[in-house]
Amino acid sequence: MAHAQLAHESSQETIAQFARYVIPNYRRFPVCLVRGEGSWVWDAEGHRYLDFFPGWGCNLLGHCPPRVVAAVREQVGQLIHVPNTWYMEPQGAFAQALSERSIGSHLQPGQCFFCNSGAEANEAAIKLARAHGHAHGRYKIVAMEGGFHGRTFAALTATAQPKYHVGFEPMVPGFVYVPYNDLEAVARVLDHETAAVLVEPIQGEGGVNIPGPKYLPGLRRLCDERGVLLILDEVQTGMGRTGHWFAYQQFGVAAEPDILTCAKALAGGIAAGVMIARAQVAEVLKPGMHASTFGGNPIACRAGMATIETIEEDGLLERGLAIGERFRSQFEALRRELPERIGEVRVRGVMVGLDLTFDASDVVSECLKRLLLINATHGHVVRLLPALTISDELIDQGCAILADVLREMVV
Numbered sequence: 467m468a469h470a471q472l473a474h475e476s477s478q479e480t481i482a483q484f485a486r487y488v489i490p491n492y493r494r495f496p497v498c499l500v501r502g503e504g505s506w507v508w509d510a511e512g513h514r515y516l517d518f519f520p521g522w523g524c525n526l527l528g529h530c531p532p533r534v535v536a537a538v539r540e541q542v543g544q545l546i547h548v549p550n551t552w553y554m555e556p557q558g559a560f561a562q563a564l565s566e567r568s569i570g571s572h573l574q575p576g577q578c579f580f581c582n583s584g585a586e587a588n589e590a591a592i593k594l595a596r597a598h599g600h601a602h603g604r605y606k607i608v609a610m611e612g613g614f615h616g617r618t619f620a621a622l623t624a625t626a627q628p629k630y631h632v633g634f635e636p637m638v639p640g641f642v643y644v645p646y647n648d649l650e651a652v653a654r655v656l657d658h659e660t661a662a663v664l665v666e667p668i669q670g671e672g673g674v675n676i677p678g679p680k681y682l683p684g685l686r687r688l689c690d691e692r693g694v695l696l697i698l699d700e701v702q703t704g705m706g707r708t709g710h711w712f713a714y715q716q717f718g719v720a721a722e723p724d725i726l727t728c729a730k731a732l733a734g735g736i737a738a739g740v741m742i743a744r745a746q747v748a749e750v751l752k753p754g755m756h757a758s759t760f761g762g763n764p765i766a767c768r769a770g771m772a773t774i775e776t777i778e779e780d781g782l783l784e785r786g787l788a789i790g791e792r793f794r795s796q797f798e799a800l801r802r803e804l805p806e807r808i809g810e811v812r813v814r815g816v817m818v819g820l821d822l823t824f825d826a827s828d829v830v831s832e833c834l835k836r837l838l839l840i841n842a843t844h845g846h847v848v849r850l851l852p853a854l855t856i857s858d859e860l861i862d863q864g865c866a867i868l869a870d871v872l873r874e875m876v877v
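Residue numbers (the numbering used here): 467 to 877.
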């Protein structure tokens with residue numbers, strides 16, 4: 467048998483290989499990326515791209531962050547994987563670190579369930595909410611229009627965007643959809659059968675939609691009044707992206723959830739997800755009720771600890787706020803210059819959305835030609851999720867490219 471070929475001399479060879487052997491369920495750019503460092507990536511032909519959307523939000527520390535790389539290399543030589551029927555030092559340490567930076571208190575800390583992705587974390591949260599409410603006949607999940615919670619079946623059902631449901635109906639029963647950023651709409655649907663409200667503090671895939679300051683505290687208050695759990699999906703906003711460890715912390719305990727999910731940036735680009743729950747909620751999950759074979763594996767947990775260490779030791783929470791303001795100032799000036807093309811600029815830390823007055827897909831393609839990687843979501847929104855480690859010089863360089871593209875677009 468021939469040895470597996472791991473290196474090609476051009477992107478076209480890899481593209482041809484994909485066409486033959488990989489299910490075509492992604493729209494891929496005709497580029498094969500082979501190396502990354504910081505906010506740069508290189509393709510097989512040696513072209514260097516400035517990445518304003520590293521790893522689809524997973525590479526919050528940039529590509530190949532040194533502490534994460536070192537931790538993974540060390541762990542691979544010690545213990546790669548053991549099942550969750552055993553105790554593992556890296557998982558315990560990572561769980562404690564996350565709990566101390568999220569929900570709960572020293573007397574009653576939040577408890578973690580580890581998995582491999584945001585969809586799995588949200589699936590776990592939905593199951594926990596239903597298990598918690600089962601004895602009282604509470605099973606309904608209230609989710610927000612425009613939200614996105616993943617591609618597994620319950621998480622997909624919670625994603626109140628019909629375009630993602632096509633071909634998979636019937637969806638899981640027991641989900642109720644209401645408009646985002648509308649407390650009255652939530653209040654109207656909460657009843658004695660409601661188990662939980664599931665919401666993103668900022669809608670990412672939905673267009674970087676930032677709710678009003680009363681929304682999250684208002685949801686917390688409504689849930690307390692009606693005996694309903696509050697689940698915050700911080701898959702995209704968590705781990706320091708918004709200038710806080712988690713986006714809800716802008717409002718302190720007034721918006722603290724009962725259940726929190728996180729993934730993407732959780733482990734510096736290594737696949738990892740987590741559900742964190744108040745201990746009095748988590749206690750309903752008994753052995754055998756839920757599990758994940760690879761969840762909380764030593765490699766992912768060591769990478770997660772290195773991510774936390776990097777953010778804290780390098781002052782990246784504060785840096786994220788400064789980065790956001792630099793993007794805001796440049797794009798607000800551009801919006802004033804191009805009011806017919808840019809409707810709104812939405813920024814929270816290193817989470818940036820430009821709401822355009824036209825479809826954004828051509829902007830992405832044109833930026834790619836100029837070696838800048840960005841994303842379009844919800845049709846007309848340019849979404850940027852830059853690294854917390856990006857320099858001011860690279861911010862200015864990328865913003866200049868994007869500004870030129872927006873000026874030159876024929877719409």
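Each residue gets a CB set at the ideal place from its N, CA and C atoms; glycine is no exception.
Predicted, not measured: the structure shown is a model, and the values here were computed from it.
Taking the CB atoms as reference points, tell me whether residue i and residue j lie closer together than 9 Å.
i	j	result
G603	H529	no
D858	R792	yes
A733	V507	no
A743	A591	yes
T708	P667	yes
A597	V694	no
R807	F824	yes
M610	P764	no
F495	N841	no
A653	L688	yes
G815	G781	no
L545	T773	no
A662	V608	yes
E511	S477	yes
Measure how close the beta-carbons of residue i and residue j come, nearest whole angstrom, since I'm counting them as under 8 Å.
i	j	result
G762	N550	6 Å
G612	N525	With a Cβ gap of about 25 Å, G612 and N525 do not count as contacting.
E700	L726	6 Å
G640	K593	Their Cβ separation, rounded to whole angstroms, is 12 Å, which puts G640 and K593 out of contact at 8 Å.
N582	A621	Not quite, the Cβ-Cβ distance comes to about 13 Å (not below 8 Å), so this is no contact.
L820	V811	6 Å
C833	I867	6 Å
S565	G576	5 Å
Thinking just about the alpha-carbon of each residue, which of the options is nearest to the one in residue i?
i	options	result
H513	V497, L526, L527 and P520	V497
S827	V816, R812, T843 and V818	T843
L573	F760, V816 and A745	A745
G616	E832, G670 and F580	G670
A585	Y605, Q577 and F614	F614
G537	F712, R501, L664 and M771	The sequence given here places Ala at residue 537; Gly does not occur at that position. If we check each option's Cα against that of A537, M771 comes out closest.
C728	V500, I569 and Q544	I569
W552	D821, T759, G521 and A563	T759
L854	V652, G706 and E722	G706
L879	G754, L516, V488 and L564	With the chain represented from 467 up to 877, any question about residue 879 goes unanswered, as that position is not in the structure.
V665	Q702, Q577 and A731	Q702
T618	A601, Q541, H600 and V638	V638
F560	H600, M741 and T480	M741
F879	F580, A713, D870 and L782	There is simply no residue 879 to check, as the chain begins at 467 and stops at 877 in what is shown.
G845	R836, V830 and L834	V830
I777	M817, V813, A731 and L822	A731
A737	D509, D724, F580 and G599	F580
G673	P531, L822 and L783	L822
V813	L839, K835 and R849	R849
S505	E479, P677 and L838	L838
R567	G809, F712 and D509	F712
W522	M817, E874 and R836	M817
L698	L783, H756, A595 and E784	A595
S571	R486, P753 and D724	D724
What residue range does the alpha helix (DSSP H) around residue i cover?
i	result
K835	S827 to K835
V652	L649 to V655
E503	Unbroken run through E503 is the beta strand (DSSP E), L499 to E503; no alpha helix (DSSP H).
D858	D858 to E874
K593	G584 to G599
I789	L782 to E803
M771	P764 to E779
E719	First, the amino acid is wrong: residue 719 is Val here, not Glu. Note, V719: premise wrong, no alpha helix (DSSP H); not H, not E.
G558	E555 to E566
Taking the beta strand (DSSP E) that residue i falls in, what are its first and last residues?
i	result
F684	Residue identity differs from the one stated: residue 684 is Gly in this sequence, not Phe. Premise fails: G684 lies in the alpha helix (DSSP H), Y681 to R692, not in any beta strand (DSSP E).
Y515	R514 to D517
Q577	Q577 to C581
A842	N841 to T843
F641	F641 to V644
L854	Note, L854: premise wrong, no beta strand (DSSP E); not H, not E.
T660	T660 to V665
L622	Looking at the DSSP string, L622 is not in any beta strand (DSSP E); the run it does join, the alpha helix (DSSP H), is F619 to A624.
Check whether chain D comes within 9 Å of residue i, counting only Cβ atoms and requiring the distance to be less than that.
i	result
E791	Absent from the structure: chain D. Only one protein chain is present.
Spell out a yes or no on whether the region 706-722 and the region 677-688 are touching, meaning 3 or more CB-CB pairs, one atom from each, closer than 8 Å.
As far as the Cβ criterion goes, the region 706-722 touches the region 677-688, which means the pair count is three or higher.
Taking 8 Å as the cut-off, does the region 621-638 touch the region 647-654 (at least 3 CB pairs, one atom from each stretch)?
Between the region 647-654 and the region 621-638 there are fewer than three C-beta pairs closer than 8 Å, too few to call the two in contact.
For the pair the region 618-628 and the region 777-792, tell me if three or more CB-CB distances fall below 8 Å.
Inter-segment contact for the region 618-628 and the region 777-792 is absent: fewer than three beta-carbon pairs are separated by less than 8 Å.
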